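Here's the structure we're looking at; comments come further down.
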Amino acid sequence: VQLQASGGGSVQAGGSLELSCVASGSTFTINVIGWSRQAPGNKREIVATMTGGTIEYADSVKGRFTISRDNARDTVYLQMNSLKPEDTAVYYCGANAGIVGQARNYWGQGTQVTVSS
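Just so it is clear: in the sequence shown, position 14 is 14 by this note's numbering, and no numbers are missing.
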C-alpha cells in the first residue's frame, strides 16, 4: 500500500485546511486508515482514524476536524476547521493493511500545516 498526502499549508488561527491522502496498491487490504501529526519536539499523535464504519478522534481535535473517505477515489480526507497554533505540525497519512496475522503499518510522506496566531 502506498499513501500520498497533500493539502498542507499556512493559515491563520481560526482558518481551515483540507488534507487529502490517495492510497494505491492493495487498498482492499486496508483495515484502518487515518491521520497522525508530529510537532517539533513532540511525539507523534494519532489525530483521526477510520476502521470500517468506526471513526475516532483525538480529544484535541474533536468537534473541529472531520475525517472522511471516498472509496471510489481511494482517498481519505481530513477537514480541519477552527485551526489553532497548537495544530501546527507535520501531518501524516497512515494505514494498517494486510490479512489477519500479517498486517503492517504504512505511512505516507508528511505534509506541513502551519497555523499562525
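Glycine included, C-beta positions come from ideal geometry on N, C-alpha and C.
Since the structure is predicted, the reported quantities are computational estimates derived from the model, not experimental observations.
Residue i vs residue j beta-carbon contact at 9 Å
{"i": "arginine 69", "j": "tyrosine 77", "result": "yes"}
{"i": "glutamine 4", "j": "glycine 108", "result": "yes"}
{"i": "serine 20", "j": "valine 1", "result": "no"}
{"i": "valine 11", "j": "valine 115", "result": "yes"}
{"i": "serine 6", "j": "aspartate 74", "result": "no"}
{"i": "asparagine 96", "j": "isoleucine 30", "result": "yes"}
Distance, residue j Cα to residue i Cα
{"i": "lysine 145", "j": "glycine 98", "result": "Since the first residue shown for the chain is 1 and the last is 117, residue 145 is missing from the structure and cannot be characterised."}
{"i": "aspartate 59", "j": "methionine 80", "result": "14 Å"}
{"i": "alanine 72", "j": "threonine 88", "result": "30 Å"}
{"i": "valine 61", "j": "glutamate 45", "result": "11 Å"}
{"i": "serine 82", "j": "asparagine 105", "result": "30 Å"}
{"i": "isoleucine 67", "j": "leucine 17", "result": "12 Å"}
Outcome for residue i when other beta-carbon atoms lying within 10 angstroms are tallied against a minimum of 16
{"i": "valine 49", "result": "It should be pointed out that residue 49 corresponds to threonine in this sequence rather than to valine. Threonine 49 is buried by the Cβ-count criterion."}
{"i": "glycine 101", "result": "exposed"}
{"i": "arginine 37", "result": "buried"}
{"i": "phenylalanine 28", "result": "exposed"}
Integer Cβ distance of residue i from residue j, believed to fall under 8 Å
{"i": "threonine 51", "j": "valine 22", "result": "Rounded, the Cβ-Cβ distance is 19 Å, inconsistent with contact."}
{"i": "glycine 94", "j": "glycine 34", "result": "6 Å"}
{"i": "glycine 8", "j": "tyrosine 91", "result": "6 Å"}
- [ ] Tell me the start and end of each unbroken beta strand (DSSP E) in the segment 46 to 81 that is at least 3 residues and wholly inside, in chain order.
- [x] 54 to 57, 65 to 70 and 75 to 80
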